[in-house]
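Here the sequence shown is numbered in our numbering, starting from 30 and rising by one per residue. Glycine included, each C-beta is placed from N, C-alpha and C at the ideal position. Bear in mind the structure is a predicted one, so any value in this text is a computation, not a measurement. Single-structure report; data block below.
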Amino acid sequence: MSKFFLFFIFTYSFYIPNSLAQSTFEIVIENELNEFLIDGANDYDGNYILTGTSQEFVINKGYVHYSSVLMKVDTLGSYITKVLQYPDTNCGLLNVLLMSDSNYLFSGYIKSVDSDSNQLWLYKTDKLLNKLWEKRFRIGLDEGYTECKFSPYALINENNDIIYGAYASYEYSNQDDIVFIKISQEGEFISKRQIHYQFEQSFTDITKVPNSNDIIAFVHHISIFGYQINAIRLDSSFNTISTIPLENSFYFYGHIGSVAHWMLTGIQIPVLFMQVLLMKYQIQ
């Protein structure tokens, strides 16, 4: 039996003037599934909105079945959960965004267990995690891709459109292309664009450029020379404005953004040992 463990630390300083108070709590949910939290966000009321996956081995069919887990936790530790399961279908909601109407939009992938063809999956809920609508988009198959891998990275741009990042693979090829998808807040497909590179690429994160519709995509460039992290700046139509090589032999985990700067966190991988590395850059 596995345990689903969640730990929070938060500060009430906004609600308690001239004072600082901290509260901590932990939640342990015991069940028969292996569950993993992947992403989360705070809503306007300070609740924690979380998403993740659960997995179980289907003995009579010989495969691992993946389902999606949604969870809402209030500031006192009370919570509600929902597990989305579909027969013979693997799915994972990897990202949660807070919409302008205060509802939640979860996104990720969904596919048949006997297929490598992922679909982009959008699942919008109200504040109680009740489904409002869900939509699926087949991305990349017309271009000859055998698989499109959706990362847990998404953002809302200055026009309130939703930008998703993914990377797509060709059969018998080490080349992965970067794919950008733009969707309206109503779930309507707007546009997509593929960017081709010489070597394998994988998404790590995307962020907005302040006071602009431009975005910056952090991408691992994997070649015969090892890892290279690149920052790619794109306009609202996903045209490349600039590509900045940031660091060699650097496995990137995430970024922390500010008005004019962002800091990268990750692990540098020399020949004999690994070391944690922080880098601060100015948005150009």
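Are residue i and residue j touching if we call contact CB-CB under 8 Å?
{"i": "LEU158", "j": "LEU99", "result": "yes"}
{"i": "SER107", "j": "TYR193", "result": "no"}
{"i": "LEU151", "j": "TYR138", "result": "no"}
Sort out for me which residues DSSP pairs residue i with in a bridge.
{"i": "ILE139", "result": "CYS120 and GLN148"}
{"i": "VAL208", "result": "ALA195 and GLN223"}
{"i": "PHE267", "result": "BP columns for PHE267 are empty, so no partner."}
{"i": "GLU163", "result": "TYR152"}
{"i": "ASP68", "result": "THR80"}
{"i": "TYR133", "result": "LEU127 and THR154"}
{"i": "ASP234", "result": "PHE247"}
{"i": "GLU85", "result": "HIS94"}
{"i": "PRO274", "result": "ASN259"}
{"i": "THR110", "result": "MET100"}
{"i": "LEU184", "result": "ILE192"}
{"i": "TYR73", "result": "BP columns for TYR73 are empty, so no partner."}
Please report the Cβ distance between residue i and residue j, rounded to the nearest whole angstrom; I am assuming they are in contact, meaning their Cβ atoms lie under 8 Å.
{"i": "ALA183", "j": "ASN124", "result": "5 Å"}
{"i": "SER97", "j": "LEU79", "result": "The Cβ separation is near 11 Å, so there is no contact."}
{"i": "ALA260", "j": "PHE232", "result": "Contact flag wrong, Cβ pair sits at about 12 Å."}
For residue i, collect the residues of the same chain with a Cβ closer than 6 Å to its Cβ; drop the 5 residues on either side in sequence, then sort them by chain order.
{"i": "GLU187", "result": "ASN242"}
{"i": "ASP103", "result": "ASN76"}
{"i": "ASP206", "result": "ALA197, GLN223 and HIS225"}
{"i": "SER220", "result": "LYS211"}
{"i": "ASP117", "result": "VAL142"}
{"i": "ALA70", "result": "ILE78, VAL125 and LEU127"}
{"i": "LEU105", "result": "none"}
Closer than 7 Å by C-beta to residue i: which residues in its own chain qualify, once you throw out the five before and the five after it? Chain order, please.
{"i": "SER271", "result": "ARG262"}
{"i": "ASN119", "result": "HIS94, TYR95, LYS140 and VAL142"}
{"i": "ASP155", "result": "ASN132 and LEU161"}
{"i": "ILE185", "result": "LEU126 and ILE191"}
{"i": "GLN214", "result": "MET128, SER129, ASN189 and ILE191"}
{"i": "PHE218", "result": "PHE166 and ILE212"}
{"i": "ASP68", "result": "THR80, LEU123, ASN124, VAL125 and PRO181"}
{"i": "PHE267", "result": "PHE209 and ARG222"}
{"i": "THR110", "result": "VAL98, LEU99 and MET100"}
Please return the same chain residues whose Cβ sits closer than 8 Å to the Cβ of residue i, not counting the five positions on each side in sequence.
{"i": "TYR73", "result": "LEU127 and SER131"}
{"i": "ASP264", "result": "ASN242, ASP243 and ILE270"}
{"i": "SER287", "result": "Residue placement at SER287 is poorly supported in this model, since its pLDDT is 46, which falls under 50; the coordinates are not used for a value here."}
{"i": "VAL238", "result": "ILE244, ILE245, ARG262 and ILE312"}
{"i": "LYS153", "result": "MET128, ASN132, TYR133, LEU134, PHE135, LYS160, LEU161, TRP162, GLU163 and GLY216"}
{"i": "TYR115", "result": "SER96 and ILE139"}
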